[in-house]
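Residue numbers in the sequence shown follow the UniProt record's numbering, run continuously in steps of one, and reach 104 at the last position. Glycine included, C-beta positions come from ideal geometry on N, C-alpha and C. First comes the structure, then the notes that go with it.
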Amino acid sequence: MPAHEFYDYDAKYRSPESKRLVPAPLNEDETRTGQRLAVDSFKAIGCRGMARVDMFYVGGKFYVNELNTIPGFTPISMYPKLWQATGLSYSQLIDRLIELALEV
1 MPAHEFYDYD AKYRSPESKR LVPAPLNEDE TRTGQRLAVD SFKAIGCRGM ARVDMFYVGG
61 KFYVNELNTI PGFTPISMYP KLWQATGLSY SQLIDRLIEL ALEV
């Protein structure tokens, strides 16, 4: 959760007040709805491999903000951090993406 009005570089990477809530504080139904929307959005624009789907959750509704088809991929970037929170290490993530690329 950003602690500043704008979620700029400083707010994202330098501000100790900004907090990452991973997993998001959603119930099971909300989580499934958000996941389904992310997958549907990914497929709708013909994505393959990886993407990060950014959303807002306001008043009980999800709004897709952006599909980032080439998300940041450094060890401090959000994409690998989100996977790490699910138990997938950085090296395991890279291995999986290589496997996906070889399926093409």
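Residue i, enclosing beta strand (DSSP E) - first and last residue
| i | result |
| --- | --- |
| Y57 | 52 to 58 |
Cβ-based neighbour list, residue i, same chain, cut-off 8 angstroms, excluding 5 preceding and 5 following
| i | result |
| --- | --- |
| S77 | P71 |
| E81 | Note on residue identity: the sequence assigns Lys, not Glu, to residue 81. Counting only Cβ-Cβ distances below 8 angstroms, and skipping sequence neighbours, we find R20, V22. |
| Y13 | I76 |
Boundaries of the alpha helix (DSSP H) in which residue i is found, first to last residue
| i | result |
| --- | --- |
| F42 | 28 to 44 |
| residue 144 | Because the chain spans 1 through 104 in this model, residue 144 falls outside it and cannot be assessed. |
| L21 | Taken as a continuous stretch (DSSP letters only), L21 belongs to no alpha helix (DSSP H), as it is neither H nor E. |
| A85 | 78 to 85 |
Alpha-carbon to alpha-carbon, residue j and residue i
| i | j | result |
| --- | --- | --- |
| Y7 | G46 | 28 angstroms |
| D95 | A85 | 17 angstroms |
| N27 | D40 | 20 angstroms |
| Y90 | P75 | 7 angstroms |
| M55 | R36 | 12 angstroms |
| E99 | P16 | 36 angstroms |
Residues of its chain near residue i, where Cβ-Cβ distance is below 6 angstroms and the 5 sequence neighbours each way are ignored
| i | result |
| --- | --- |
| A38 | V53 |
| G34 | F62 |
Residues bridged to residue i [DSSP beta-bridge criterion]
| i | result |
| --- | --- |
| E99 | The partner list for E99 (beta bridge, DSSP) is empty, contrary to what the question assumes. |
Near the ligand GTP: residue i beta-carbon under 7 angstroms from a heavy atom
| i | result |
| --- | --- |
| A11 | No copy of the ligand GTP occurs in the structure displayed, which carries no ligand at all. |
Nearest-angstrom beta carbon gap, residue j and residue i [assumed within contact, 8 angstroms]
| i | j | result |
| --- | --- | --- |
| F42 | A51 | 6 angstroms |
| W83 | L93 | 5 angstroms |
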